[in-house]
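Numbering (the numbering used here), first residue to last: 483 to 650.
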């Protein structure tokens, strides 16, 4: 499986409020084979977050799952959203190695430009998603990834996170 893409967009609303949209490409094309994406297809896994998740201090964060976004947002640098819904501006971009979705859980492995590779594991709790970011990944081929500690100093992560990413 090849690499997909992800972006963080700053979404400034007409009322002056703002948030960030984390958009993740689910489909990772095979190496050397990147078919053109339909820019209008709503295929991007999408979350709304209050703060930038690419910041080193973002070990744990809460997100709202929002409607899948169109592929064209992977290419946007700055755009006005139709219908007077504000302006989006790309603030970070990265690659995705893998996305695993299950009922009430998701795991995303990737990295933002200039940063370390991480895994983000999310668990749905009522109307929100709680995400935990791993420590930087330094796992060689055939080695198992260990979710036993989080990226912050609060001790072990929620044990359910280990079930989100069973391949590591």
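All C-beta atoms in this analysis are idealised placements derived from N, C-alpha and C, irrespective of residue type, glycine included.
Predicted model, so just to flag it, every value in this text is computed and none were measured.
* Could you give the distance in angstroms between the alpha-carbon of residue 496 and the alpha-carbon of residue 562? -> Whole-angstrom Cα-Cα distance: 11 angstroms.
* To do: Leaving aside the five residues before and after residue 575 along the sequence, list all residues of the same chain whose C-beta is less than 6 angstroms from its C-beta, in chain order.
  => 489, 595
* With C-beta atoms as the reference, is residue 604 less than 8 angstroms away from residue 588? -> At a Cβ-Cβ threshold of 8 angstroms, residue 604 and residue 588 count as neighbours.
* Asked: residue 540 and residue 529: beta carbons closer than 8 angstroms?
  -> no
* Member of 499, 583, 599 whose CA lies at the smallest distance from the CA of residue 547 -> That would be 583, whose Cα lies nearest to the Cα of residue 547.
* Asked: What number of angstroms, rounded off, separates the C-alpha of residue 508 from the C-alpha of residue 527?
  -> 7 angstroms
* Asked: For residue 570, which residues does DSSP report across the bridge?
  -> 493, 561
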